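Quick notes on the structure that follows.
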Amino acid sequence: MRWKKIFSREYSVQYCGVALDSISERVKHLIRDSYMKNLIILPQHKNQCFYFEEEEEKKFIRFIVEEFTSNKNRFNHFKNLFNKLGKNYVDISQKISEFPLNGFDNIKLKELFLEYQKIARDYTCIIWITFLLNEYWSEKGHVLVSSYDDKIKEALFRPAKRSTVLIMQEEASIIKNNSVEIKKFWTKYRWISCLDLQNDPWSLKDVEDYVKNLKLGSPYEKMSFNEATQKVNLNNDQKVKFQMIKELGYIKDARDDYRRKGIFYIQNLFAEIGKRMGVSLKNVAYLTESEIINFLNGKQVNLHKGKKRQEGFLMYMKDGKYICIDHAINEELVKIGFSEEEIKVSEIKGTVACRGKAIGTVKIVRTVHDILKIKKGDILVAVTTHPDYVPAMQKSAAIVTDEGGMLSHAAIVSRELGIPCVVGTTNATKILRHGSKVEVDATNGVIRVIE
Numbered sequence: 000m001r002w003k004k005i006f007s008r009e010y011s012v013q014y015c016g017v018a019l020d021s022i023s024e025r026v027k028h029l030i031r032d033s034y035m036k037n038l039i040i041l042p043q044h045k046n047q048c049f050y051f052e053e054e055e056e057k058k059f060i061r062f063i064v065e066e067f068t069s070n071k072n073r074f075n076h077f078k079n080l081f082n083k084l085g086k087n088y089v090d091i092s093q094k095i096s097e098f099p100l101n102g103f104d105n106i107k108l109k110e111l112f113l114e115y116q117k118i119a120r121d122y123t124c125i126i127w128i129t130f131l132l133n134e135y136w137s138e139k140g141h142v143l144v145s146s147y148d149d150k151i152k153e154a155l156f157r158p159a160k161r162s163t164v165l166i167m168q169e170e171a172s173i174i175k176n177n178s179v180e181i182k183k184f185w186t187k188y189r190w191i192s193c194l195d196l197q198n199d200p201w202s203l204k205d206v207e208d209y210v211k212n213l214k215l216g217s218p219y220e221k222m223s224f225n226e227a228t229q230k231v232n233l234n235n236d237q238k239v240k241f242q243m244i245k246e247l248g249y250i251k252d253a254r255d256d257y258r259r260k261g262i263f264y265i266q267n268l269f270a271e272i273g274k275r276m277g278v279s280l281k282n283v284a285y286l287t288e289s290e291i292i293n294f295l296n297g298k299q300v301n302l303h304k305g306k307k308r309q310e311g312f313l314m315y316m317k318d319g320k321y322i323c324i325d326h327a328i329n330e331e332l333v334k335i336g337f338s339e340e341e342i343k344v345s346e347i348k349g350t351v352a353c354r355g356k357a358i359g360t361v362k363i364v365r366t367v368h369d370i371l372k373i374k375k376g377d378i379l380v381a382v383t384t385h386p387d388y389v390p391a392m393q394k395s396a397a398i399v400t401d402e403g404g405m406l407s408h409a410a411i412v413s414r415e416l417g418i419p420c421v422v423g424t425t426n427a428t429k430i431l432r433h434g435s436k437v438e439v440d441a442t443n444g445v446i447r448v449i450e
């Protein structure tokens, strides 16, 4: 088998298990017989790396491109399905959070847990589909217009609607030190930091710091979509494709809004389960679905595994079920036949998301906790970026990511802030050293080490 790295994220066992199940036979009602049988999640630098088997991934992408984007009606169906599942996910999570959970017995908690797991699987399936469609069509669009200037590309790839991150920035810019407005802002957006179960919601202090340190990019005149299509001389079919790309760009951001809101609400259920286990919410997040069910059924469960797995774990599918390993991981990888080809590179190169040049000190950001390392004028180098990273991005002289394309979070935010940005390098976090000095040439998409 040939394995392809899809992305790397700071996810717990609980969410990784849902992610595996969400493209397995358990979601045949959404993806029919195109479900995957081979997916591996392994630890790397405090993150979990997701790998697909290459041929299986190609087959899956062919299916979703045809099923959801081959014509206008199918794409409208996809958008409706996305919003339906996203709203259901948030609504069910919120409903569960509002129950008097401490008054329920374990059987009732198990019932609620399984209800959550089902909607989480279904919604995570549409998250996968959105991610892969976005990558596929973004690349197709980039090939068509790669030789054109930034203003044209920005207009063609600009999401159909503004993301929550940009709306937040605008709202925060007019709050200043108004304590009443800051509290309203906190109530409205405290879910934004809930990347996974183990991540705390924003505190009031977090919001105060966000508002205080907010930096907006200089306003600039943006080219309209119609003007850009005329300059590039797109035909009608190409215009329709770029309109779809713009909508996918918005959906890509909206999918994370639904997910983080759902996680914010469902933390109450997992916290209650943790109380009965005598462990923290974070430890519960690193237990598997079957371990949580066994506990709620009154069976013995090794609860210490939750803490051990925070150091790293391996997860993969076998006979339709996922296996979670927290020891002898390399030996297990050999046993299941996993290997990754070593790619030799002489330079770091990626896609230009926002033009410009900058020289500065590399700060490698692998987890949300690493953003505290960023000082004004540093070069932020990350696997990818999230809304939590925005305060650090605002301080940076340039941004470089391993993952992403023209519609990635880093690309969109960097263009709004006017910060040089190169995305999709695949290897920047592996090659660059924390503290080294580099030049980011975001005109040619190249990063050069100076010292």
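Under the numbering used here, the sequence shown has 411 at position 412, and the numbering climbs by one with no breaks. No residue lacks a Cβ here, since even glycine has one placed at the ideal position from N, Cα and C. Remember, predicted model here, so these are calculated numbers, not experimental data.
- Pairing Phe241 with Leu132, the inter-Cα distance amounts to about 13 Å.
- Contact annotation: Tyr122 and Arg258 have beta-carbon atoms nearer than 9 Å.
- Counting along the chain, Asp440 sits inside the beta strand (DSSP E) bounded by residues Lys436 to Asp440.
- In this structure, DSSP gives Lys175 a state outside helix and strand, which the three-state scheme calls coil.
- A direct Cα-to-Cα measurement between Ser137 and Gly423 gives close to 12 Å.
- For the pair Phe224 and Lys245, the CB atoms are nearer than the 9 Å cut-off.
- Beyond the five residues adjoining it in sequence on each side, Ile63 comes within less than 8 Å, by CB distance, of Ile30, Ser33, Ile128, Leu131 and Leu132 in the same chain, given in chain order.
- Scanning its chain for C-beta atoms nearer than 8 Å, with the 5 sequence neighbours on each side dropped, one finds around Asp377 the residues Gly359, Thr360, Val361, Lys362, Lys394, Ser395 and Ala396, in chain order.
- With a cutoff of 9 Å on beta-carbon distance, Ser7 and Val382 are scored as near each other.
- Note on His385: 16 or more other CB atoms within 10 angstroms of its CB, so buried under the neighbour-count rule.
- Contact check for Gln309 against Asn329 fails: the beta carbons are separated by 9 Å or more.
- Of the other Cβ atoms in all chains shown, 16 or more fall within 10 Å of the Cβ of Thr428; this residue is therefore buried.
- Fewer than three beta-carbon pairs drawn from the stretch 144–157 and the stretch 175–183 are found closer than 8 Å, and the two stretches are therefore not classed as touching.
- If you ignore the 5 residues before and after Ile265, its C-beta comes within less than 7 Å of the C-beta of Ser92, Ile95, Ser96 and Tyr115, all in its own chain and listed in chain order.
- A straight line joining the alpha-carbon of Leu295 with that of Leu111 spans about 11 Å.
- Bounds of any alpha helix (DSSP H) do not take in Glu52; it lies within the beta strand (DSSP E) bounded by Asn46 to Glu52.
- Taking the CA atoms as reference points, Ser413 sits about 18 Å from Thr425.
- The residue from Arg161, Lys36 and Glu9 with its alpha-carbon nearest to that of Glu52 is Lys36.
- If the five residues before and after Asn293 are omitted, its C-beta is found closer than 7 Å to the C-beta atoms of Val300, all from its own chain and listed in chain order.
- In this structure, DSSP gives Ala427 a helical state, which the three-state scheme calls helix.
- Taking 3 residues as the minimum length, the beta strand (DSSP E) runs contained wholly in the stretch 345–418 are 350–353, 356–364, 378–381 and 397–400, in order along the chain.
- Taking Leu416 as reference, the option from Phe49, Glu153 and Ile291 with the minimal CA-CA separation is Glu153.
- Leu194 and Phe337 have their C-alpha atoms roughly 28 Å apart.
- Taking Gly305 as the centre and dropping the five residues before and after it, the same chain places the C-beta of Val278, Asn282, Val283, Tyr285 and Leu286 closer than 7 Å to its C-beta, in chain order.
- For Tyr264, the secondary structure class from DSSP, reduced to helix, strand or coil, is helix.
- If you draw a 10 Å sphere on the C-beta of Glu346, you find fewer than 16 other C-beta atoms in it, and that means exposed.
- Look at Met316 here: in three-state DSSP terms it is strand.
- At the C-beta level, Asn443 and Val351 come within 9 Å of one another.
- Per the C-alpha coordinates, the member of Ala253, Gly349 and Leu19 positioned closest to Gly85 is Ala253.
- Between Gly404 and His141, the gap from beta carbon to beta carbon is short of 9 Å.
- Cβ atoms of Leu302 and Gln197 stay farther apart than 8 Å, at about 15 Å.
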